[in-house]
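Read through the structure below, which is laid out as structure tokens, and then see the notes.
There are 2 protein chains.
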Amino acid sequence: MSQPGNLSSARKHKADQDETVDRSTLEEKLGFRIRMAERSIYKTFIQNVGMTPVQYSIFTLVAENEGMSQGVIGEALNMDRASTMAIMDKLEKAGLIERRKSLVDRRRHALYLTAKGRKEIVKTENKVKQTDDKFKQRLTDKQLQELTKYLNLLWHE
Amino acid sequence: MSQPGNLSSARKHKADQDETVDRSTLEEKLGFRIRMAERSIYKTFIQNVGMTPVQYSIFTLVAENEGMSQGVIGEALNMDRASTMAIMDKLEKAGLIERRKSLVDRRRHALYLTAKGRKEIVKTENKVKQTDDKFKQRLTDKQLQELTKYLNLLWHE
DNA sequence: TATTGTTATACTCTATAACTATA
DNA sequence: TATAGTTATAGAGTATAACAATA
Numbered sequence: 001m002s003q004p005g006n007l008s009s010a011r012k013h014k015a016d017q018d019e020t021v022d023r024s025t026l027e028e029k030l031g032f033r034i035r036m037a038e039r040s041i042y043k044t045f046i047q048n049v050g051m052t053p054v055q056y057s058i059f060t061l062v063a064e065n066e067g068m069s070q071g072v073i074g075e076a077l078n079m080d081r082a083s084t085m086a087i088m089d090k091l092e093k094a095g096l097i098e099r100r101k102s103l104v105d106r107r108r109h110a111l112y113l114t115a116k117g118r119k120e121i122v123k124t125e126n127k128v129k130q131t132d133d134k135f136k137q138r139l140t141d142k143q144l145q146e147l148t149k150y151l152n153l154l155w156h157e
Numbered sequence: 001m002s003q004p005g006n007l008s009s010a011r012k013h014k015a016d017q018d019e020t021v022d023r024s025t026l027e028e029k030l031g032f033r034i035r036m037a038e039r040s041i042y043k044t045f046i047q048n049v050g051m052t053p054v055q056y057s058i059f060t061l062v063a064e065n066e067g068m069s070q071g072v073i074g075e076a077l078n079m080d081r082a083s084t085m086a087i088m089d090k091l092e093k094a095g096l097i098e099r100r101k102s103l104v105d106r107r108r109h110a111l112y113l114t115a116k117g118r119k120e121i122v123k124t125e126n127k128v129k130q131t132d133d134k135f136k137q138r139l140t141d142k143q144l145q146e147l148t149k150y151l152n153l154l155w156h157e
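Chains as they are written, first to last, in full-length UniProt numbering: chain D, 1 to 157; chain U, 1 to 157.
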């Protein structure tokens, strides 16, 4: 396995002891492995889609549930009202969604896509699907099905 | 299944259309499911351990690799230098780790636990393991083994 | 009184760029 | 010239508390 006399190695410099980091305690943790997978997908997502996963999540939820209020949308993502507000503000400033006073309950704002939002959601959804499928393709159908089941067990209390 | 005449339901108010958010497009996405699982574990982690997963990750990496430099530790977590710095500063201010000038390369700082850090890492590791095991226990041994394999496929390019 | 949206504020993580001291 | 650490700065997400309008 090891090559003790590897003189042409790519080692760039000497350390006090060695360069090899022992990560074994960390790798025993399920939480760490989930986090690393999430970070990996997160970075690819932003690069390919041009918005963050959270922004996309709210964008697509509004698209799929036009007329719903902020609070209800936020709840569906386990987000508090203020955090939801921040994302809604960004999507509104980007001209993708709009708030309309609810006719039923005037405390509420019903959320709708703008004309631009309606065009963009199609492109965005395509890019998201393409990115997501790239990761799914690393697994067989059966593996993906199992993974989904296991993630559900971790997600839902 | 449904109870059309459920007059004593917990519905709090009327919406423009309905309260039920359709999340199906989102739930088709593997990235979304990973993120939800990660958020769930993240919140529990902070509550139980008293520090963030990232802070713990660096704390335990230093403990397991005393004498290593910041850059090397950060690389092991796919973090850039500046982000690593921010976390190191916090751990140092908390009195858990210390930087010592490397004797081999004076640009580098070798990282060590303080006396306090040495005491704390044991307590922290116990709390982390307890929290992590709570999630692991939702799966059988075989399921956990499979999940680990699938997460590796997503994590590593 | 309770709820919805809002504002103010603060904290964590992440990232880029420029600086410094060393190599 | 390149590297390690640092500093300044900024943006994203999250969260708590308090306020106004409305129920």
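Ideal Cβ placement from N, Cα and C applies to all residues, glycine included.
Determine whether the Cβ of F135/D lies closer than 7 Å to any Cβ atom of chain U.
The count along the first sequence starts at 1 and reaches residue 135/D at position 135. Chain U, which has a Cβ nearer than 7 Å to the Cβ of F135/D, makes this yes.
Short check: CB of L154/U to CB of F135/D, under 7 Å?
As a working note, residue 154/U is residue 154 in the second sequence. As a working note, residue 135/D is residue 135 in the first sequence. Taking 7 Å as the Cβ cut-off, L154/U and F135/D qualify as a contacting pair.
Comparing C-alpha positions only, which one of L26/U, L139/U, Q47/U and Y56/U sits nearest to L151/D?
As a first step, residue 151/D is located in the first sequence; it is residue number 151 there, counting from the start. Ranking the options by Cα distance to L151/D, first place goes to L139/U.
Would you list the residues sitting across from K101/U in a DSSP beta bridge?
Your numbering for residue 101/U matches position 101 in the second sequence. DSSP, once it has assigned bridges, lists H109/U as partnering K101/U.
Cα separation between Y56/D and D141/D?
Counting from 1 along the first sequence, the entry for residue 56/D is found at position 56. Counting from 1 along the first sequence, the entry for residue 141/D is found at position 141. Cα to Cα, Y56/D sits roughly 25 Å from D141/D.
Return the first residue and the last residue of the alpha helix (DSSP H) that R138/D is part of.
If you number the first sequence from 1, residue 138/D lands on position 138. Counting along the chain, R138/D falls outside any alpha helix (DSSP H), and DSSP gives it neither H nor E.
For a test of the three-state rule: what should DSSP assign to L153/D, helix, strand or coil?
Position 153 of the first sequence holds residue 153/D. DSSP places L153/D in helix when its eight states are reduced to three.
Identity of the residues DSSP links to S69/D by a beta bridge
The residue given as residue 69/D occupies position 69 in the first sequence. Partner(s): A110/D.
In chain D, what lies closer than 9 Å to residue 163/U by C-beta?
The displayed coordinates of chain U run from 1 to 157. Any statement about residue 163/U would go beyond what the structure contains.
Alpha carbon to alpha carbon, what distance is there between I97/D and T114/D?
Your numbering for residue 114/D matches position 114 in the first sequence. Your numbering for residue 97/D matches position 97 in the first sequence. Approximately 5 Å between the Cα atoms of the pair.
Cutting at 8 Å between CB atoms, please list the residues of its own chain near M85/U, excluding the five before and the five after it.
As a working note, residue 85/U is residue 85 in the second sequence. Taken in chain order, the residues that qualify are Q70.
Near I87/D, what residues of its chain come up, given a Cβ to Cβ distance below 7 Å and the 5 sequence neighbours on each side ignored?
Within the first sequence, the letter at position 87 stands for residue 87/D. Excluding residues within five positions, the ones whose Cβ falls inside 7 Å are V54, Q55 and I58.
Let's test the definition: count the other Cβ atoms within 10 Å of the Cβ of K14/U and tell me whether it reaches 16, buried, or not, exposed.
Mapped onto the second sequence, residue 14/U falls at position 14. Interpretation of K14/U is limited by its pLDDT of 40, a score under 50 that renders its predicted location unreliable; no figure is taken from the coordinates.
Looking at the C-beta of A76/U, does it have a partner C-beta in chain D at a distance below 7 Å?
As a position in the second sequence, residue 76/U is number 76, starting the count at 1. Cβ-Cβ to chain D under 7 Å: yes for A76/U.
Might you give, ordered along the chain, the residues of its own chain that have their beta carbon closer than 6 Å to the beta carbon of M79/U, omitting 5 neighbours on each side?
Numbered from 1 along the second sequence, position 79 holds the residue referred to as residue 79/U. Same-chain partners within the cutoff: there are none.
Whole-number beta carbon distance between R33/U and T148/D, since they are thought to touch under 8 Å:
Counting from 1 along the first sequence, the entry for residue 148/D is found at position 148. Counting from 1 along the second sequence, the entry for residue 33/U is found at position 33. With 8 Å as the limit, T148/D and R33/U qualify as a contact, their Cβ atoms being about 6 Å apart.
Can A110/U and G74/U be called in contact, C-beta distance under 7 Å?
Sequence index remark: in the second sequence, residue 110/U carries index 110 (1-based). Sequence index remark: in the second sequence, residue 74/U carries index 74 (1-based). No, the pair does not count as a contact, with Cβ atoms beyond the cut-off.
Alpha carbons only, please: which of Q137/D, V128/D, T131/D and E120/D is nearest the one belonging to A63/D?
Locating residue 63/D in the first sequence gives position 63, counting from the first residue. When only C-alpha atoms are compared, the closest one is E120/D.
Kindly list, in the order they appear in chain D, the residues whose Cβ is closer than 8 Å to that of E120/U.
Locating residue 120/U in the second sequence gives position 120, where the first residue counts as 1. Residues of chain D passing the Cβ test: none, with the nearest at roughly 15 Å.
Name the chain D residues whose beta carbon is nearer than 7 Å to that of N65/U?
In the second sequence, residue 65/U corresponds to position 65, counting from 1. What N65/U touches in chain D: V21 and D22.
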